[in-house]
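A quick write-up on the structure given underneath.
In our numbering, the protein residues as written are 56 to 474.
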C-alpha cells in the first residue's frame, strides 16, 4: 500500500474518453494520472462497432418500446434484449426512459445528441491530426440498407426526419448500392447513405496511439482499482486497491462503472445502467465492404477494419455482473446470411461483449461540480467513440475555464443536476 500525490488531475477510466481527456488536459499544462484496473482501451473501447455515428441523432428507444417489451423479455437473441432476471433492477430505469420519451423531453434529447454529433467529426479530425495519425479514421460515409419493398415507406420517413435535423443523407437506389458495394445481395432494395460519417480501422489501436501521445506529454497510467473517494479541502482523495491517490481534481470517466464513485464524491445517485453490446470479428472478410453498412430490418452493423469485418449492434440489458451470452455474438453471423452474394466466413471468428454506459435520457453527463474538484464525462451509451474527441475538448473547457477550443456545444443539456 502506498500514498501518492498526483498533482493536478486524476482521470478515472482508461477508455477512449478518459484517454482523450487525459491527453488534452496534459496539453494544457496539467499534471495528469489515469487510473484503471485494466490496461488502456480494454473495456468497451476495445470492441465497439468502430462507426463514427454522427448520423445517429435519435435515441435507440422510442414509444414503440412498449410494444416490443414482451419480445425483449422472451427472445434471448433479439436485437434489443432485457434479461427477465434483471427486470426488477432495470424497471425503475425503464420507467425513467419512458418518461423521457414524452415529446418535450424527446426533443431535448435529440437536440443534445445532435449538438455533440455535429461537433464530433471536426473534433476527431483535430485530435488525430495532432498525433499525426489521421489515417486511423476513414471518412468515407456509411450506408443503411433495406431489403423489403414494404420497408420503403419507413426508410423515406427516416430520411425526412434526418433532413429535419440537418443530417446529411442521400437516398441510394439498389443499383447505386451494388455499384458501391458489389458483394451485397441482389435482395437489397436501396438505402440511405450518410456522407458525413466514417469508421475507424481499429478502435483499440486508436486508444493505444492516444496513450502513447499522452505519455509523451507526461501523463502517468496506474493499473489500480478505485474503491472510493472523498473530498478534501485542497482537492480529492481516492482509495485504490494499492493505496491512496490525491489530486486537486478528479475526472470520472469510467463508463458503466461511474455511478458509485460519483455518488461517493457528489452525494448524487445517478440512474446509470449498461447496454451490454456484442460483436463478432471475422478476420477472413477484410475486403467485403468499402464502408460501414447497417441493415434496416436486421438491426445490426458491419464495419470493415484492419483486422477483418466486425459485426455489431445488439443491445442487452442484464447488468454488470451476469456472464456474457456469447450466442448473441454468434447470432450476428446468422443475421448476416442473405445480405451478401456469398455468406461470410466464420473461420477464426472471435466473439466479444462489453458494457456501454446509458442514462435514461440518452445523454451523457459532462460537467464540473463540487467547487470544480470533480469533473464528469460518462454515460455516452453507444456513442462513446463518436463523441470522445469533442467530450475531451469540453472537459478541457470545464477544467481550465478558458476557451481552448471553439464551436463546442453548450453544456446545459449534459449537467449533473438534471437528475
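We put the CB at the ideal spot given by N, CA and C, even for glycine.
Give the DSSP-derived three-state secondary structure of residue i in the structure shown.
i           : result
residue 106 : strand
residue 57  : Any answer about residue 57 is weak, because its pLDDT of 49 lies below 50 and its placement is not dependable; what the coordinates show is given next. DSSP places residue 57 in strand when its eight states are reduced to three.
residue 422 : strand
residue 387 : helix
residue 276 : strand
residue 340 : coil
residue 459 : coil
residue 435 : coil
residue 405 : strand
residue 284 : strand
residue 349 : strand
residue 234 : helix
residue 355 : coil
residue 258 : helix
residue 399 : coil
residue 446 : helix
residue 211 : helix
residue 472 : helix
residue 90  : strand
residue 376 : coil
residue 441 : helix
residue 73  : helix
residue 206 : helix
residue 365 : strand
residue 80  : helix
Within 10 Å of its beta-carbon, does residue i have 16 or more other beta-carbons around it, so buried, or fewer, so exposed?
i           : result
residue 300 : buried
residue 106 : buried
residue 129 : exposed
residue 139 : exposed
residue 212 : exposed
residue 352 : exposed
residue 415 : buried
residue 314 : buried
residue 89  : buried
residue 322 : exposed
residue 126 : exposed
residue 389 : exposed
residue 279 : buried
residue 252 : buried
residue 99  : buried
residue 292 : buried
residue 296 : exposed
Rounding to the nearest angstrom, what Cα-Cα distance links residue i and residue j in this structure?
i           : j           : result
residue 57  : residue 298 : Low confidence applies here, because residue 57 scores a pLDDT of 49, under 50, leaving its location unreliable; read the following figure in that light. If you take the alpha carbons of residue 57 and residue 298, they lie about 5 Å apart.
residue 74  : residue 336 : 24 Å
residue 447 : residue 204 : 43 Å
residue 306 : residue 156 : 30 Å
residue 80  : residue 132 : 42 Å
residue 209 : residue 201 : 10 Å
residue 274 : residue 65  : 10 Å
residue 141 : residue 318 : 22 Å
residue 465 : residue 399 : 44 Å
residue 462 : residue 452 : 12 Å
residue 68  : residue 309 : 4 Å
residue 363 : residue 148 : 36 Å
residue 420 : residue 473 : 9 Å
residue 237 : residue 341 : 14 Å
residue 215 : residue 380 : 37 Å
residue 172 : residue 77  : 21 Å
residue 427 : residue 437 : 28 Å
residue 150 : residue 468 : 20 Å
residue 93  : residue 242 : 44 Å
Would you please state the rounded distance, in angstroms, between the beta carbons of residue i and residue j? I believe it to be under 8 Å.
i           : j           : result
residue 176 : residue 248 : No, residue 176 and residue 248 are not in contact; Cβ-Cβ is about 16 Å, not under 8 Å.
residue 471 : residue 431 : 6 Å
residue 311 : residue 327 : 7 Å
residue 320 : residue 286 : 6 Å
residue 104 : residue 383 : Not really, about 14 Å apart at Cβ, beyond 8 Å.
residue 222 : residue 112 : 6 Å
Please go through the region 123–201 and give each complete alpha helix (DSSP H) segment of 4 or more residues, from N-terminal end onward. 142–154, 158–185
Unbroken alpha helix (DSSP H) runs of length 4 or more, entirely within the region 286–343: which are they? 314–321
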